Structures are given as structure tokens and as C-alpha cells.
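One structure is given below, encoded as C-alpha cells.
Protein chains: 2
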Amino acid sequence: MPLLVPTYSDIAAKKRLQRDKNFKKEWLVAPANLPPASSPSVIGWIEKCGELTSKQLEITASSAPEILLAVRDKVWTAFEVAEAFCHRASLAHQLTNCLSEVFFDEGLQQARELDEYYERTGQLKGPLHGLPISLKDNINVKGQATTVGIVSFSFSPEKFGEDSVILAMLRDMGAIFYVKTNVPVAMMMPESINHIYGNTTNPLNRKLSAGGSSGGEAALLALKGSPLGIGSDIGGSIRIPASFNNLYSLKPTFGRFPTYGSRSGLPGLESVNSVNGPLTTSIDSLELYCKTLVGAEPWIYDPKAVPLPWRTVKLPETLNIAVLEDDGVVRPTPPLLRGMKMVREKLTKSGHIVIDWNPEEHLRLSELITEFFLSDGGKHVKDECNKTGEPFFPYMQMYGTAPEKGVASLWALQAERTKLVKKFLDRWNATASATGNGRPIDAIILPATPFPGNPNGKFQNYVGYTSPFNAVDYSVGTIPVTTADRGLDTREVRETFYGETDKAVYDNYDADESHGGAVCLQVVGRKFEEEKVIELLKALKAIMES
Amino acid sequence: MPLLVPTYSDIAAKKRLQRDKNFKKEWLVAPANLPPASSPSVIGWIEKCGELTSKQLEITASSAPEILLAVRDKVWTAFEVAEAFCHRASLAHQLTNCLSEVFFDEGLQQARELDEYYERTGQLKGPLHGLPISLKDNINVKGQATTVGIVSFSFSPEKFGEDSVILAMLRDMGAIFYVKTNVPVAMMMPESINHIYGNTTNPLNRKLSAGGSSGGEAALLALKGSPLGIGSDIGGSIRIPASFNNLYSLKPTFGRFPTYGSRSGLPGLESVNSVNGPLTTSIDSLELYCKTLVGAEPWIYDPKAVPLPWRTVKLPETLNIAVLEDDGVVRPTPPLLRGMKMVREKLTKSGHIVIDWNPEEHLRLSELITEFFLSDGGKHVKDECNKTGEPFFPYMQMYGTAPEKGVASLWALQAERTKLVKKFLDRWNATASATGNGRPIDAIILPATPFPGNPNGKFQNYVGYTSPFNAVDYSVGTIPVTTADRGLDTREVRETFYGETDKAVYDNYDADESHGGAVCLQVVGRKFEEEKVIELLKALKAIMES
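Here's what the structure looks like:
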């Protein structure tokens, strides 16, 4: 009798079932009581549904610094905080399918131990005592699995034996972990869909994607199922979902935060390096996280971290900002153009200098990034998918067809990239002659994608607004500006197009369908200017509100 | 009539002739008046030969800070300084064949302009006003060639159109350039020999090699034909020649000093990165250079430089030092073992903590480095050599036979390296439990090679004492300790060997032949601890002299 080999669907179903058992029945809302599909936005639903107590709503509406203070001052216990976020995360998942690994019990147990420790010693465990942090699926947590959306990893290993460096550091400082969040297969697609957990939708408008690859994270955060989450980015994977969900986020330069011990979608790739960084609804939370993490000296534990302490930055009174509204490859849709116009006008009105950024190297840098991703001929991804017979999603087809490169041609591409990166830097420096005050630009502001969240399944796979900044390895933040408005953002009249993708994005745009989607822009600083980017986000927020 | 194609020897001869024209006839010593081959050491010959004035001897015996002060205080003009070093470099070349590009006239012209500028404005051009700096061949200089020992590059281009980033920065600060120094083919051999310029010998003992790949630089510096030189290192290329010539040197972590715009032997290789750093006879010169260069903010101009300012470091009163006398793969020869013993005894006697370092990851890291070097199947080197028919030296044979790797296997090796580098870091941290004071080690001290300069042509190609620190990318200095002594350093009695290379090094050692060779050790600090390594060199110098 032949052995029955489980199909990829069998394995995925088993894994999904394992996760589902970790939800608490008493927190699950009956399907009939959830918002109907005809109601695209679910923002605000949790506040109104009556599932959380008012205290829990207050806790989950708080920023990370507020939570830490309240726990320190014994206004809330760590357990109350953790329970509120676990419960809210459970609701957020029912609305958007945002969670991959669920370990509420472990998080609540951590919280109990922290409370007990505080009670017993009078000391906080560390500067993050009692702060729940949600995690993109790739960050290895002791005792939990990491699938990165690949079926063969469902039970391989079933549990990781140790924390990744970042996790161990945050745990040591008192942070609480309770969920990991959904990602696309190998984290190499711009929408968070895979054969284990399916697709994560956008809470601002569920017709739209949550983005990828940190899409589960972004959806969870937009619904405040977490005060702070960690995503990762190698071509836009923090910034795309952050921008689709109107979040503050930070993609750091490689080496600023520890990366060792996470599961990679393309292990051993170094032509461009994946980084991790925070996503949140609050700039204060963003700053607290970065400052605390760098303050704990990741370079002691992570072999690729750089010993650069967190610095105090004072912005110049007059900011020099370059803006890029349209990269000449794919024209952003009306909501993004409107957002860019708002920023330009506000900056100018507030007396800041605004010049235009020429995206001269962007397209080739973006192409090079894709070549690097595919340079092993998709071998790693194919090998893993073949283990279970898992088919490729359309976005991933190129991983099935790309030829493996030889190292000589890889070297040629790397040398080309280095030259372009130098040109980019020289042009940044050369803006000193265009700003009128002798200083070069402080930042570039531009969209993260051409659209305010794409309709599910229709991303068009263009990451030319984000991936050049992975190639140059600059610090990039995102800042929410507004939301798409069917009345204001009617389709432009265009008869000529830059190319096929440009036309597809144009054709694909529908002001009604996009209504309520996020308009959230990138703020690009130089390499290792994470502190400055955060100060710029603060300043820009104030300018936009002025 | 067929076109006569010049052979590689023709091209090399033409290039050599072009260089030779740049020597000043009045500075050339008649062959009969040079020290005979029977006199291996030429250290001290320049002081006695009568070619330089006493003022020139004084100038060329001075450290970089002394020179800068004397020029500032108008004790010497920049021209006098430059002329003294040009003349002395010319003599050093006649003794050791250390120069590749010779551009005394340009250097003297720079000096004249600096003097004129100072006279006219009362201002120094910058913090290096009037300091001659010699350059390893790979550093591109506007108006000069860069062959890196490859015949096809002799006239391709004949002159570079612009300075590399480091050159432009140093020039801008007032440094003077007058020579480039000899290297092995593609800088990928441990002795500085090539078909254009031949071999550079060791001034401490000309039967020995000057080392490589920064061998011309090291020989020139040992003869004080330069107060400070810049070498480069991807597997030991600063430290091996520095150690063979008893020089202080610093191999920094990649990103501390600018590297953009130099000519690479393996362009596009990034699995391990070449770095550049100073070599000199004076710690003060070493420190001045590093501090000044980093103080000029290389990260503004070099896309791969890290914005880490030069820091003030205070060493702990009790140093925690790990020593490695023998890596278990190739046992060092007696002079090096004696040098290590001297260090261990002096440290212990001075009250410092000495523990043994376990080289657990060294061998595999060293193998990986070689695999990275060869991962393009030697294509770049072969292509260039084939252009002129230049044959490979024995050390380079593997570049002719290695198969090109595919990127998938490169990724696997890179992932393996990252894991080993993490293990290495963890073991460094874990020394905290072995030092007795709760702090981990401050440094590892070990030989740079198993021998005090190898007899010319007999290196045995083992770089396992240097290349692991390229793989982990730590900061490493070198410190002269003593010289080989035929009376003290007789061959050990050994009957079993670790392997073939170990036996070859043993068999090859001859106390007479090595007499007078350098005994100079490596001092390894963590990543980006260049400041600390310099403080350690200073402290160790004092301890060794105590």
C-alpha cells in the first residue's frame, strides 16, 4: 500500500489549525456580528463593537511611552496591557487575517512574570518593561515557528530553539511578545498572501491589499492590535505596507538594528541586505523604540551591527527638501499626487526650501535589486516550494523562470550598483548649489507606491519608488498625510504612458474603489540618519498640521 | 604584412621605461656604490651613504605630526619636506625595487603651491598641509596610472581622470603625493612581484620578501622614504608586509575609511571587502592619519563609509588580552614564537590578564575567504592576463583553474560565513567568564604570518593568521616587537606536523637566512574599534619597553 504523502494543502491546513487553536474562544466574534464585506473600512469598528472594556480601549489607544509610564506608575499592570492587546489583536485578525503565529498564553505568562518581578524587587526589568511588541513572521522567537509563508517551513522546525538577536535584546529589556504577523511567500511579494494563511486585507479599505511583505504587521497596527511592530524591508517591505495603512515606520540603514537570527526568504543574499524596523501609529513610539534598541548596543551581540550610538539631532530652521512626485516610469495615481502637492505647498508656505529631485539612477537601481533577488535562479524558493508541491503565485513566477547567475556576472552588477550609489550621493551633495542656502537637501519626499493601496491581487509589481533606497541603503521613514477621496481624486486624463506598467496602474485606478485608502509618503535621509529622519517626521507632522 | 602585436614583456618594458624616466638622474646612485647583495640588511645605509643632507635626514626621520608642526612653524618649507622624501624614496627604490608610479615633479609642484598659498594667505591649506603620503598602487590618482601589477593595465588608462575619494580628501587637506608602490599581480599574492616591475625585497633582509600585497609600501616605509603610506587589505595585505617590515599599521573595519575609486584586483567582489589603512614607523603618525581622515567625514563623499566620528578611548587599567601562539594549522617559526612569549611575559609581569585564544573558526573562515576570492572562477584576472598573454605566477595558479561558482552556492557560503562570524563574536563575549574580572577581552594578540618574512618566492601561501579577521571584519593593528636572531631562534625539533603547509614552513625555516627579519604581531580589536586598537598599540609599546 503506497504511503499517503500529504499535499501542500494538507500541511498548510494542519499548520493553520494549529494556529487557530491558539485563539481564545471567548474573544472570537461570531461571523454574523463582524462587519459585512460591503463595509470596506473597518477602522473604528473595534472601538464600537463592545468587545473591549473602556480600559482596554484606553490601553490600546496609547503610545509605547504612555504604556511604559503607566506600567511603571502602576496605573496598569503588564498583564492588563498584554491582555488588552492580545484581545484586540484577535479582533484585528478576524477583520483582516493579519496573524500568522499566535501565542497569547506565552505573552500573558511573560506579563505575569514581569508584574511579579516588579512587585517583588521594586525594579523594572528594563526600559521596555511591559511593552507588547508584535513581530513580522520572519523574526525567530524561541518556542515558536517561522514559516515566512512557505508551506515546507510549517513544521520545520516546529519551534525555534532560540530567539533572534533582536528578540533576545528586546525580551531582556522587558518587551512582551504575543503574535507574529502574516507575510507573502518568502516575503518576496508586495501583498501578504501565502498558501498557509491566505491574504491580509487593508483595514482602511478591505478591497485593498494590506501590502507586503510586512502586511500582516501593518494591518494589525492600523487596528491598534499592537502599539508597535517590527517589520523588515529589502525592497520596500516595511514602507509599502506602512504606506498602505497610514503608519509611521522606519527602514534603517543596514547595521543600525540587529538582524542576525531572523529567517530569510533568500538566505545568504548580501548584494542587498534585508533590514528590520518599526511600524506604528505614533512617532513617539517609533522614536522610543529606535533609541532604546540602539541604546542597548546591538553591536555587542550582532556581528553586522555598527557601533553608532543614538544621537541628538537638531534640524536646521529652514529645511531643504527635494520632492519627487513622478519618477517618469509609473505616474502615481491622483491621491498620491494630491498628497505630494499638499506637502509641497505646506513646506513652501512654512518657509522651507523645496526643489525637485531627479530620479536619474532610480530605475536602474530598482532593476539591479530585482536582479540580485533572482540571482540564485530562484533556487532557494523553488527548492522549498518543491518539497511540498506548493505552486507559485503569479507575483512569484519569475522565481521559477530566472536563470541562475554566475558569480562573475554578479560581480559586474555589484560594481555597477556601487557606481550608481556613488552618483546618487554626489547628486545629493550637489543639491547644495540648488537650495539657495549653500546646504544640500535634508531629505527627499516621495510616494512609496503609485497607489493608496492596490485592489487585492493587482499590485502591478512595481517597487521603483522604494527599492532604490535599499540599493543606496539610506534611512527612510513614512508619514501619513491624508486618505484617498473619491470626490477629490478622480482619474487624470492621460493619453500617453511611460510604459505598460504605467498604463496598467492608470487603468487599474478607480477613485471609488480606492476611497479611504492611505496616502502616506516616504521621507528619505542619508545613510545612518535614522535620528534625523525621525526628527523630520516630527517636523513634517507639525508642518502638515499647521 | 602582419601587424606586430607587442608581447606582454614589450608592454611591461615600455611601462617600466616610462616610470624610470621619472627618477631624477642626480639622485640615482651608481650600481657600484649601492650595498652589495652579500649585505642583506640595508636598514641604516641611507643614513650613512652621504646622498642626503643632514637636514634631509632629519626631515625623513620625523613623524607626521613633527613634520606638520615644522611646516606650520616655518622650520621647513613643504618643498624641502617633499624633496627630502622624494630623494629618499628614490634611494629606497634602488635598494628594494619598491616603487611602481613615480611622480616627484607633481609632488614637488604641489609642495610649491602649498608654500605659496601659506605665504600668501597666512593659512594652512588643511590639517595635512605639507605631509607627503605614499600610496599603494591601487589608489587612483588624477594624472597617474594604476596597474595593480597587471600588464594589460599599463596604459589602460594611461592616466586616471580623477582622484579616488580618499585621495581627493587627503589632497584637499594638504597632503602631497609623489609615489605609488609595488604590488603583486592583482594584489592577490603575498609577495609583491609582477611582470611589470618585478619583485620588492625586504630592507631588513633582502633575502626575504617585503610581503604583499602592500609590499612596496612597507619596504619604502621601513627605509623612511615616506613618513606615512596607505596600503590595502582583503586577506592580510596590509598586515603581512607591515609585519615583515616591523611597521605599525592598521587594517580598519570596512566603512571606517573611504574606499571608493580605487582599482580593485577583483572588482565587484563584496563577500569580503577590501579596506585601506595606514602603515608607518610611528604610532603618532598612525593616530594622526586616522583621526584626521575620519574627522574629515568620509561618509559625505564615500557611499560605503559609516558616519562614525573618531572617539576618545580610555583603556581599562588592567588589560584583558587573549593570545594565540599557534593556530594548530601552521606553527609559527621560532622568532614569532619568541615574540609571542615576550609579549605574554611582559603583559603578565605588568599585571595584565592573559588568556589563550581558541582559533576555532579561523581555518574555515580563512578557507571561505579563499573561496570568495576565487568565486568568479578567476575570470577577471584571467581576462586581463589573456589580453597580453601574461602568464600566471605560481601563487596565482588557482585563479587559472578554479571553476566559476553559481550564485546559489555563493549564497550558501555567505550564510555559512555569517554564522561563523556570529560564533566568533559570541566566543569573544564569552571570554568575560575567563578573564576573572567579568569583562571580555580587549584584544587578541597573534602573529600575522608564521615567519619573519619569507625567503623570496617561498611564502607557502598560508594566510590563516590574517584572513579570518577580514572575514569577521575586525580592526587590527600591527606592532613591531623584535627581530629574528640566528642565535636565539634556532629551529625547533618537531617530528609530527599539522599538515603539508606546516611541514613546508618548518622545512623552509633557516635561522641564518631569517636573521634580522621582523617580528611584528597583530593586535585585534572588535569591529570599528580603530581608536581602541591604536590606544592598545601605544599601551603595548610602553609595556614592551618597560
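Residue numbers (the numbering used here), protein chains in the order written: chain A, 95 to 640; chain B, 95 to 640.
Note that CB positions come from ideal geometry on N, CA and C, so glycine has one too.
Keep in mind that this is a model prediction, so the values were computed, not measured.
Checklist entry - Which whole-angstrom value describes the C-beta separation of Gly571 of chain A and Val613 of chain A, a residue pair presumed to lie in contact below a C-beta threshold of 8 Å? => result With 8 Å as the limit, Gly571 of chain A and Val613 of chain A do not qualify as a contact, their Cβ atoms being about 15 Å apart.
Checklist entry - Does any residue of chain A bring its CB to less than 9 Å from the CB of Glu364 of chain B? => result yes
Next on the checklist: Give me the chain A residues within the contact set of Asn523 of chain B, using Cβ-Cβ distance strictly less than 8 Å, ordered along the chain.
Outcome noted: Ile394, Tyr395
Checklist entry - Does the beta-carbon of Leu97 of chain B have 16 or more other beta-carbons within 10 angstroms, so that it is buried, or is it exposed? => result Around the Cβ of Leu97 of chain B, a 10 Å sphere holds fewer than 16 other Cβ atoms; the residue is exposed.
Checklist entry - Under a CB-based cut-off of 9 Å, is Glu455 of chain A close to chain B? => result no
Checklist entry - Which two residues bound the contiguous alpha helix (DSSP H) that contains Asp79 of chain B? => result In the structure displayed, chain B extends from 95 to 640; residue 79 of chain B sits before or after that span and is not available.
Next on the checklist: Cutting at 7 Å between CB atoms, please list the residues of its own chain near Asn293 of chain A, excluding the five before and the five after it.
Outcome noted: Asn191, Glu285, Ser286, Ile287, Asn550
Item to check | Sufficient close CB pairs (3 or more, under 8 Å) joining the segment 497-517 of chain A to the segment 361-371 of chain B | outcome: yes
Next on the checklist: Given a cut-off of 9 Å on the beta-carbon distance, is the pair Asp538 of chain B and Val618 of chain B in contact?
Outcome noted: It is worth fixing the name first, because residue 538 of chain B is Ile in this sequence and not Asp. Closer than 9 Å, so yes.
Item to check | Option nearest Leu344 of chain B by Cα separation, candidates B:Glu594, B:Ser569, B:Asp604, B:Glu152 | outcome: B:Ser569
Next on the checklist: Here's the rule: buried if 16 or more other CB atoms are within 10 angstroms of the residue's CB, otherwise exposed. What is Pro125 of chain B?
Outcome noted: With fewer than 16 other Cβ atoms within 10 Å, it is exposed.
Checklist entry - Going by Cα to Cα distance, which pick from A:Leu631, A:Ile260, A:Lys635, A:Thr495 is closest to Ser390 of chain A? => result Sequence inspection shows Ala at residue 390 of chain A; the Ser mentioned does not correspond to that position. When each option's Cα is compared against that of Ala390 of chain A, the closest is A:Ile260.
Next on the checklist: Could you tell me which whole beta strand (DSSP E) segments of length 3 or greater appear in the segment 191-270 of chain A?
Outcome noted: 193-196, 226-230
Checklist entry - Going by other Cβ atoms of all chains shown within 10 Å of its Cβ, with 16 needed for buried, is Arg585 of chain B buried or exposed? => result exposed
Checklist entry - Hey, which unbroken runs of the beta strand (DSSP E) at 3 residues or more fall wholly within the segment 397-470 of chain B? => result 414-417, 447-450
Checklist entry - Touch check for the segment 408-426 of chain A and the segment 530-548 of chain A: three-plus C-beta pairs under 8 Å? => result yes
Checklist entry - Which runs of the beta strand (DSSP E), 3 residues or longer, sit entirely within the segment 146-196 of chain A? => result 193-196
Checklist entry - Is there contact between the segment 178-185 of chain B and the segment 132-149 of chain B, where contact requires at least three CB pairs shorter than 8 Å? => result yes
Checklist entry - Going along chain A, which residues have a C-beta under 7 Å from Gln508 of chain B? => result Contact note: Gln508 of chain B reaches chain A through Gly362, Glu364, using a C-beta cutoff of 7 Å and chain order.
Checklist entry - Quick one: any contact between the segment 421-429 of chain B and the segment 587-601 of chain B, if contact means 3 or more CB pairs under 8 Å? => result yes
Checklist entry - Would Gly571 of chain B count as contacting chain A if we go by Cβ distances under 9 Å? => result no
Checklist entry - Would you say Pro346 of chain B faces chain A, with C-beta separation under 9 Å as the test? => result no
Item to check | Under 9 Å (Cβ pairs) to chain B, residues found in the segment 597-625 of chain A | outcome: For chain B, the residues of the segment 597-625 of chain A that bring a beta carbon within less than 9 Å of one of its beta carbons are Arg620, Lys621, Phe622, Glu623, in chain order.
Checklist entry - How many whole angstroms separate the CB atoms of Gln217 of chain A and Leu128 of chain A, which I take to be in contact at a CB cut-off of 8 Å? => result In fact, because the Cβ distance is near 43 Å, the residues do not count as touching under 8 Å.
Checklist entry - How big is the Cα-Cα spacing for Glu152 of chain A and Glu624 of chain B? => result 49 Å
Next on the checklist: Against chain B, with Cβ distances strictly below 9 Å, would Gly349 of chain A count as a contact?
Outcome noted: yes
Checklist entry - If we ignore side chains and look at the alpha-carbon of each, how far apart do Pro410 of chain B and Ala239 of chain B end up? => result Linking Pro410 of chain B to Ala239 of chain B through their CA atoms gives a straight-line distance of about 46 Å.
Next on the checklist: Assuming Pro159 of chain A and Asp378 of chain A are in contact, meaning their beta carbons sit under 8 Å apart, how far apart are those beta carbons, in whole angstroms?
Outcome noted: Between the beta-carbon of Pro159 of chain A and that of Asp378 of chain A there is about 5 Å, and that keeps the pair under the 8 Å contact cut.
Next on the checklist: Suppose you measure from the CA of Ile244 of chain B to the CA of Glu484 of chain B; what does that come to, to the nearest Å?
Outcome noted: 8 Å
Item to check | chain B residues whose Cβ lies nearer than 9 Å to that of Gly471 of chain A | outcome: Gly500, Val501, Ala502
Item to check | Terminal residues of the alpha helix (DSSP H) in which Asn296 of chain A lies | outcome: For Asn296 of chain A, there is no enclosing alpha helix (DSSP H), since its DSSP letter is neither H nor E.
Checklist entry - So is Tyr354 of chain B in contact with chain A if we call contact Cβ pairs under 9 Å? => result yes
Checklist entry - What are the residues of the segment 400-416 of chain B that lie near chain D, defined by any Cβ-Cβ distance shorter than 8 Å? => result No chain D is present in this structure, whose protein chains are A and B.
Item to check | Per-residue burial, Asn232 of chain A [other beta carbons within 10 Å of its own, 16 or more giving buried] | outcome: buried
Item to check | The alpha helix (DSSP H) enclosing Val599 of chain A, as first and last residue numbers | outcome: Looking at the DSSP string, the run of the alpha helix (DSSP H) that includes Val599 of chain A is 594-602.
Checklist entry - Quick one: does Trp505 of chain A have its CB under 9 Å from some CB of chain B? => result yes
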